[in-house]
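Undergrad: Numbering (our numbering), first residue to last: 48 to 651. Supplied in structure tokens, the structure appears directly below.
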Ligand code: AGP
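Here you go:
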């Protein structure tokens with residue numbers, strides 16, 4: 048789960064490579080490194096730490112070409128030795144790798160028996176050592192001989208000291224984009240074409256086991272047998288802007304505060320029962336008998352709320368599964384199931400694997416995504432973009448609220464097409480939805496209150512978040528925010544399940560964070576609060592203004608705007624985002640890049 052980048056061309060390879068890696072840091076930030084060729088020798092530099100550290104320390108001048116890597120550790124601890132690029136024992140070839148080589152251990156044992164000395168604990172190093180063992184003057188041939196021995200997923204880029212005019216790349220189940228300019232003066236290879244730094248490029252994507260020899264402004268493509276192949280070339284113009292915090296202390300806070308705007312962007316052209324075109328005809332919409340939503344983490348939480356929208360608004364059976372589980376299930380699927388893959392990045396490995404399985408079974412795929420040109424949108428039948436702008440903080444905030452908007456309006460559109468709406472129903476619903484950006488401003492005005500509460504609650508080691516129906520999912524999402532950036536244990540649970548086990552946990556050291564905005568179940572949640580109170584658990588409630596009874600039972604209440612149950616997750620989760628942010632700040636955590644995580648989880 049790493050980012051790889053390579054450059055050969057008329058500009059300074061080191062400078063371009065460092066900039067490219069900065070764009071890929073969302074794929075991992077445990078360690079980083081760059082290698083190139085200088086005067087017939089491989090030169091490389093790597094660091095355990097972020098790219099900012101590499102930038103300060105790297106001192107490689109006059110590289111003829113460069114490959115670089117930003118790592119999220121899988122095999123081998125975070126250390127300089129395990130950082131990429133990896134160089135073979137003869138110091139002739141350097142390699143960067145994204146993915147996992149599942150049979151690396153047996154390959155490594157075999158190479159060791161032949162006397163090869165390894166310098167790292169990684170799975171990736173076996174690739175460069177294997178290529179080296181096959182190399183007889185033709186790097187492409189050596190790569191071709193290596194690929195069939197590898198089990199697992201990979202995108203690799205290699206350079207050889209004797210071939211300073213080429214970068215060799217190959218891929219299997221991992222994205223790899225190659226771009227070259229019209230003048231044939233430069234080429235870039237990257238895990239993500241959005242890292243092409245704001246220039247117009249001709250771009251192609253490698254498919255499984257294809258190999259490319261990339262030269263200045265030129266690409267030679269081969270299949271597994273080294274037979275030259277031609278490929279569709281797309282024109283990409285990426286919009287490169289150095290991400291800025293715009294005066295906020297963290298990207299996360301900036302992104303939380305962007306939500307009134309990003310929610311409006313997500314509504315634009317869609318806040319109408321007719322919705323925008325997204326690759327499916329009305330006949331197809333009518334033909335679907337159920338909806339299956341797939342995603343991971345925060346996207347899965349949005350998907351779970353989305354499934355409720357489809358049932359409540361469009362009267363269509365719908366469910367959401369965590370993609371890492373779904374990909375190994377054997378569900379009964381067919382053309383009458385609409386499969387929705389939901390992902391901020393569009394690169395999450397499990398989500399992609401799950402939709403590929405569904406595709407094999409004849410399902411059409413709708414991708415809901417924030418990143419243009421991402422793998423999800425390239426593989427889906429149709430796509431809807433969140434238009435939330437780049438989300439830099441690992442902790443997802445604005446993408447989540449945009450996902451809710453899109454799912455909500457999509458379900459309303461399905462309801463309209465399927466004739467489930469009473470006259471005037473869509474208008475009154477949309478009127479409520481359009482109030483959301485303003486209501487969120489109201490939540491943000493409570494930031495000082497949430498900061499005070501964060502100071503009060505930051506010393507607890509465990510939290511229990513609960514809610515019912517829409518608020519159960521909001522509780523899960525808010526709990527994920529807290530554990531992700533504050534490193535405290537937080538469970539998100541359906542409040543009705545309390546008596547079935549978790550009530551045993553309740554004690555004065557376990558704050559209960561209760562999300563009370565689901566009015567259909569208001570009496571039930573009040574009873575749950577009483578049960579907690581009777582057992583001495585501290586209660587922090589997030590409640591709509593009209594539910595005054597909460598004040599009598601909770602220790603602290605954050606009052607939220609009143610709205611429909613379906614729309615209550617917006618204010619509740621955004622209040623939860625702010626609480627998590629202030630607790631993490633109180634604890635001095637690395638808020639934008641929490642330990643052990645990456646923005647985009649590109650390995651299984
Ligand atoms: C959310 O705060 C997380 N960082 C994480 O759960 C994330 O939502 C998940 O990895 C899925 O990512 P995606 O939306 O890019 O697919």
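For each residue, glycine too, the CB sits at the ideal point set by N, CA and C. Fair warning: this is a prediction, and the values are worked out from it, not measured in the lab.
Do residue 564 and residue 517 have their CB atoms nearer than 9 angstroms?
TA: Result yes, Cβ atoms of residue 564 and residue 517 sit closer than 9 angstroms.
Undergrad: So the beta strand (DSSP E) residue 86 belongs to, where does it begin and stop?
TA: Unbroken run through residue 86: none, as it is neither H nor E.
Undergrad: Quick check on DSSP: helix, strand or coil for residue 395?
TA: Coil, per DSSP.
Undergrad: If we call anything under 9 angstroms between Cβ atoms a contact, is residue 223 one with residue 252?
TA: It is a contact, given that the beta carbons lie within the stated cut-off.
Undergrad: Would you call the CB atoms of residue 421 and residue 239 closer than 9 angstroms?
TA: Contact: yes.
Undergrad: Just verifying my parser: in three-state terms, what is the DSSP assignment at residue 180?
TA: Helix at residue 180.
Undergrad: Note down the Cα distance separating residue 554 from residue 582, rounded to an integer number of angstroms.
TA: About 7 angstroms.
Undergrad: Beta-carbon within less than 6 angstroms of residue 145's beta-carbon, same chain only, minus the 5 sequence neighbours each way: which residues are those?
TA: Correct list, in chain order: 49, 51, 202, 221, 238.
Undergrad: When the Cα atoms are used, what is the spatial distance from residue 367 to residue 139?
TA: Distance between the alpha carbons of residue 367 and residue 139: 49 angstroms.
Undergrad: Just reading off the alpha helix (DSSP H) that residue 304 is part of, what are its end residues?
TA: That run of the alpha helix (DSSP H) goes 298-304.
Undergrad: Closer than 8 angstroms to a non-hydrogen atom of ligand 1 - does that hold for the CB of residue 454?
TA: No, the beta carbon of residue 454 sits no closer than 8 angstroms to any heavy atom of ligand 1.
Undergrad: For residue 424, verify whether its CB is less than 8 angstroms away from any heavy atom of ligand 1.
TA: The answer is no for residue 424.
Undergrad: Between residue 409 and residue 381, what straight-line distance do the alpha-carbon atoms span, to the nearest angstrom?
TA: Their backbone Cα atoms lie some 5 angstroms apart in a straight line.
Undergrad: If you follow the beta strand (DSSP E) that residue 559 is in, where does it begin and where does it stop?
TA: Counting along the chain, the beta strand (DSSP E) containing residue 559 begins and ends at 559-562.
Undergrad: Compare the beta carbon distance of residue 81 and residue 101 with 9 angstroms and say whether it is the shorter of the two.
TA: Yes; because the gap between Cβ atoms is below 9 angstroms, this pair is in contact.
Undergrad: DSSP on residue 187, reduced to helix/strand/coil?
TA: It is helical.
Undergrad: Between residue 254 and residue 429, what straight-line distance do the alpha-carbon atoms span, to the nearest angstrom?
TA: Straight-line Cα distance between these residues: approximately 20 angstroms.
Undergrad: Taking only the alpha-carbon atoms, compute the straight-line gap between residue 586 and residue 558 and give it to the nearest angstrom.
TA: Going from the Cα of residue 586 to the Cα of residue 558 covers about 6 angstroms.
Undergrad: If you scan the stretch 92-149 from start to end, which runs of the alpha helix (DSSP H) of 4 or more residues do you find wholly inside it?
TA: Fully enclosed alpha helix (DSSP H) runs of 4 or longer: 98-104.
Undergrad: As a quick exercise: from 461, 610, 393, 621, pick the residue whose alpha carbon is nearest that of residue 332.
TA: Checking every option, the nearest Cα to that of residue 332 belongs to 461.
Undergrad: Return the first residue and the last residue of the beta strand (DSSP E) that residue 267 is part of.
TA: It spans 265-269 - the beta strand (DSSP E) in which residue 267 sits, taken as one unbroken run.
Undergrad: For the alpha helix (DSSP H) containing residue 64, name the first residue and the last one.
TA: 60-71 is the extent of the alpha helix (DSSP H) around residue 64.
Undergrad: Check residue 225 in the structure and name its three-state DSSP category.
TA: Residue state, collapsed to three classes: strand.
Undergrad: For residue 159, is the beta carbon positioned less than 8 angstroms from some heavy atom of ligand 1?
TA: The answer is no for residue 159.
Undergrad: Would you report the Cα separation of residue 211 and residue 111, rounded to the nearest angstrom?
TA: Taking the straight line from one Cα to the other gives about 6 angstroms.
Undergrad: Rounded to the nearest angstrom, what separates residue 426 and residue 257 at their Cα positions?
TA: Approximately 18 angstroms between the Cα atoms of the pair.
Undergrad: Which ranges does the beta strand (DSSP E) cover as unbroken runs of at least 3 residues, wholly within the stretch 427-505, from first to last along the chain?
TA: Segments of the beta strand (DSSP E) lying fully in the stretch 427-505: 429-432.
Undergrad: Could you tell me the alpha carbon to alpha carbon distance between residue 502 and residue 636, rounded to whole angstroms?
TA: Rounded to the nearest angstrom, the two C-alpha atoms are 14 angstroms apart.
Undergrad: State the DSSP-derived secondary structure class of residue 601, mapped to helix, strand or coil.
TA: DSSP places residue 601 in coil when its eight states are reduced to three.
Undergrad: So, using beta-carbon positions, are residue 261 and residue 194 closer together than 9 angstroms?
TA: Not a contact, by the Cβ cut-off of 9 angstroms.
Undergrad: Consider the C-beta atom of residue 398 and the heavy atoms of ligand 1; say whether any pair is separated by less than 8 angstroms.
TA: Within the cutoff, so yes.
Undergrad: Hey, would you say residue 141 sits closer than 9 angstroms to residue 132, going by beta carbons?
TA: Yes, Cβ-Cβ distance for residue 141 and residue 132 is below 9 angstroms.
Undergrad: How long is the line joining the alpha carbons of residue 291 and residue 281, rounded to whole angstroms?
TA: Approximately 29 angstroms, taken between the alpha carbons.
Undergrad: When you compare the CB positions of residue 225 and residue 250, do they come within less than 9 angstroms of one another, or not?
TA: Their beta carbons are under 9 angstroms apart, which means residue 225 touches residue 250 by this criterion.
Undergrad: Under 8 angstroms: do the stretch 333-345 and the stretch 368-388 share three or more Cβ pairs, one atom per stretch?
TA: The stretch 333-345 vs the stretch 368-388: in contact.
Undergrad: Which of the three DSSP states, helix, strand or coil, is assigned to residue 257?
TA: If DSSP states are grouped into helix, strand and coil, residue 257 belongs with the strands.
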